[in-house]
Amino acid sequence: VVSTQSTGSSGINAEYGGWMLIGFPKTRDQALALQRHGIFAKHILFFDAPDMVLVERFMGKRVDPDTGEIYHLTFEPPESPEVTRRLKPINNQSEKVVRKRLIHYHRNLEGIKNSYESGRVKFLNSDQPKGDVYAQAYHYLCQQSRSAAPQ
39 VVSTQSTGSS GINAEYGGWM LIGFPKTRDQ ALALQRHGIF AKHILFFDAP DMVLVERFMG
99 KRVDPDTGEI YHLTFEPPES PEVTRRLKPI NNQSEKVVRK RLIHYHRNLE GIKNSYESGR
159 VKFLNSDQPK GDVYAQAYHY LCQQSRSAAP Q
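In our numbering, the protein residues as written are 39 to 189.
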């Protein structure tokens with residue numbers, strides 16, 4: 039996975055001026071492997087929320103099989119009753135699955151965090167309206183890196 043990421047990131051970087059990895063790395067070893075391949079992030083964002091909030095968000099997700107659009111029954115329901123009737127649970131959607139993922143996340147979080155310079159890491163409270171989360175993430179990503187190391 040890391041070699042795929044390293045070849046793909048340079049194309050993204052050249053075309054769009056940056057790149058983003060979502061849900062990766064999942065372990066300290068993966069984070070260090072990225073660095074060994076010359077992939078260094080200017081900013082590392084961890085979206086943080088209580089486990090019970092994450093379980094609720096995961097369990098409320100539904101997909102429209104006709105369009106592939108994803109909705110949330112509580113936070114982003116479809117506007118049309120017709121679309122609501124079509125919604126299906128996402129594959130492998132169970133509380134057991136999300137809790138297992140959270141255990142893995144918590145077990146590996148400290149190692150991932152410690153593999154990066156502390157000035158590049160930010161934990162963002164994502165247990166708030168998505169517009170607020172977006173604004174805070176955008177503000178952080180627009181900041182210049184505080185590292186004295188060459189970029």
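Ideal Cβ positions, reconstructed from N, Cα and C, are used throughout, including at glycine.
How many Å lie between residue i and residue j at the Cα?
{"i": "TYR172", "j": "TYR109", "result": "18 angstroms"}
{"i": "GLN181", "j": "SER156", "result": "15 angstroms"}
{"i": "GLN166", "j": "LEU125", "result": "25 angstroms"}
Please classify residue i: does DSSP put it in a helix, a strand, or coil?
{"i": "HIS75", "result": "coil"}
{"i": "HIS177", "result": "helix"}
{"i": "PRO127", "result": "strand"}
{"i": "TYR172", "result": "helix"}
{"i": "LEU70", "result": "helix"}
{"i": "SER44", "result": "Reliability of the predicted coordinates at SER44 is poor, the pLDDT of 46 falling under 50, and the value obtained from them is presented with this limitation in mind. Correct three-state label for SER44: helix."}
Going by beta carbon distance, what residues of the same chain come within less than 6 angstroms of residue i, once the five residues before and after it are set aside?
{"i": "LEU140", "result": "ASP89"}
{"i": "GLN174", "result": "LEU162"}
Excluding five sequence neighbours on each side, which residues of the same chain lie with their C-beta closer than 8 angstroms to the C-beta of residue i?
{"i": "ARG100", "result": "ILE108, TYR109, HIS110, LEU111, LEU125, LYS126, PRO127, ILE128"}
Let me confirm a value: residue i is counted as buried when at least 16 other C-beta atoms fall within 10 Å, else exposed. Which label applies?
{"i": "LEU92", "result": "buried"}
{"i": "PRO63", "result": "buried"}
{"i": "THR45", "result": "Confidence is the limiting factor: at THR45 the pLDDT is only 45, short of 50, which leaves the residue's position unreliable and the question unanswerable from this model."}
Of the choices the options, whose alpha-carbon is the least far from that of residue i?
{"i": "PRO103", "options": "PHE113, ALA87, THR122", "result": "THR122"}
{"i": "SER132", "options": "MET97, ALA79, HIS75", "result": "MET97"}
{"i": "LYS160", "options": "LEU83, TYR143, GLN68", "result": "LEU83"}
{"i": "PHE113", "options": "ARG158, LEU179, LYS168", "result": "LYS168"}
{"i": "VAL135", "options": "GLU94, TRP57, ALA87, HIS81", "result": "GLU94"}
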